[in-house]
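Enquirer: Its first residue numbered 1, the sequence shown is counted upward by one per residue in full-length UniProt numbering. Think of the CB as a built atom: it goes at the ideal place given N, C-alpha and C, for glycine as much as any other residue. In this text the structure is predicted, and so the values were computed from the model without any measurement. What follows is a structure written as C-alpha cells; I'll ask about it next.
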Amino acid sequence: MTPPDITVVIPLYDRFTALDVIGPYQMLALTPGVRVVFAAERAGPVLDDCRALRLTAVGLDEAPRPDVVVVPGGPGTVRVLEGALPAWLREVHPATRWTTSVCSGSLILGAAGLLDGLRATTHYRHLDKLPLFGAVPAQERVVVERDARVVTAAGVSSGIDMALRLVELLTDTRTAQAVQLWTEYDPQPPFDAGSPSRAPEDVVELAAAFETAALEAATRS
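Below you can see the structure in the form of C-alpha cells.
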C-alpha cells in the first residue's frame, strides 16, 4: 500500500507545456496517499505556452520538501536554465525518492547537474542538447536511472507513461494498473505519426515550424 503523504512537487515557469504538467498530475493525484503541489519561483498564477491556461503555484521557498519532483518542459525552458529552479533542484534532489522530468524539462535537470553520466531522454527535437549537460541521449519513451533516482520522459504525452511508471515505483503494479484503468488510458491514435521515424517528412517539417514559432514567442516575451 502507499505510505501516507507522499508529496509530489511540480515546478512551474512561464510558458510551460500544459500536458507535461496535467498528464502526470492526473495520474499521480489519483494515487492513494499522494498529494501534488504546484510551485514556482514566485507564488501566484503561472501561464502556459498557449497563453490560455493559468495554474496557481506556491513559491519554491514555500513548497513542502518533495518526495518526488516532476519538471515539465515547454518553450519557456530556455529562460530557466539558470537561476532559482536549477538551484532549488540541486537543494532538494539529495532527499527525494525520485527526481523526474518531461520533455525539455530534462534540460533543466541537466542545468542543475543531475544528469551527468546518466542515460536520459527528452523531446526528439532536443536530444542533441543532452550531451551539453553530460547526459547520454536515449531514444526511449521513459528512462529510469534507479541508482541516481532520476527518471526522464520524452516529449509531452510521454509524461503520462512516466507518471504511471512512477505510480508503480511508489506503490505497486496493481495500483498503477488501477490508475491506468480509472483514467481509461488506452491510446489508439488515429495516425501513426507520433515519432519522427514514422511521420512523413512534410509532417516533421511542419512540427518543427510549430516549435520554432513557440520558441520565438517565448524569446520575445
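Return the residue from the list L12, V8 and D20 that minimises the CA-CA distance to L28.
Expert: Translated into the one-based positions of the sequence shown, residue 28 becomes position 28. Nearest C-alpha to L28: V8.
Enquirer: Indicate the three-state DSSP secondary structure (helix, strand or coil) for D48 in the structure shown.
Expert: Taking the first residue of the sequence shown as 1, we reach residue 48 at position 48. Reduced to three states, the DSSP call for D48 is strand.
Enquirer: L127: beta carbon under 7 Å from a heavy atom of the ligand ATP?
Expert: Questions concerning the ligand ATP fall outside what the structure shown contains, since it holds no ligand whatsoever.
Enquirer: Assign G76 to buried or exposed, taking buried as 16 or more other Cβ atoms, counted over all protein chains shown, within 10 Å of its Cβ.
Expert: Here residue 76 is taken as the residue at index 76 of the sequence shown, counted from 1. So G76 ends up on the buried side.
Enquirer: For the stretch 77-89 and the stretch 5-24, state whether three or more C-beta atom pairs, one from each stretch, are separated by less than 8 Å.
Expert: Contact holds: three or more Cβ-Cβ distances are below 8 Å.
Enquirer: Rounded C-beta distance between T100 and L166? I'm assuming under 8 Å.
Expert: On the sequence shown, residue 100 is found 100 positions in, with the first residue counted as 1. On the sequence shown, residue 166 is found 166 positions in, with the first residue counted as 1. The pair is a contact, with the Cβ atoms about 7 Å apart (cut-off 8 Å).
Enquirer: DSSP state of F210, grouped into three classes?
Expert: Indexing the sequence shown from 1 puts residue 210 at position 210. In this structure, F210 counts as helix in the three-state DSSP scheme.
Enquirer: Per the DSSP calculation, residue 227 is bridged to which residue(s)?
Expert: Since the first residue shown for the chain is 1 and the last is 221, residue 227 is missing from the structure and cannot be characterised.
Enquirer: Between the alpha carbons of V144 and D49, how many angstroms are there, rounded?
Expert: Here residue 144 refers to the residue found at position 144 of the sequence shown. Here residue 49 refers to the residue found at position 49 of the sequence shown. So the alpha carbons of these two residues sit roughly 27 Å apart.
Enquirer: So what's F16 in DSSP terms, helix, strand or just coil?
Expert: In the sequence shown, the residue the question calls residue 16 occupies position 16. DSSP places F16 in strand when its eight states are reduced to three.
Enquirer: Looking only at DSSP bridge pairs, what is E145 linked to?
Expert: Working through the sequence shown from its first residue, we reach residue 145 at position 145. For E145, which the question treats as bridged, DSSP gives the partners V150.
Enquirer: Using the C-alpha atoms, what's the distance from G33 back to H123?
Expert: Position 123 of the sequence shown, counted from the first residue, corresponds to residue 123. Position 33 of the sequence shown, counted from the first residue, corresponds to residue 33. Near 30 Å, if we compare the C-alpha coordinates of G33 and H123.
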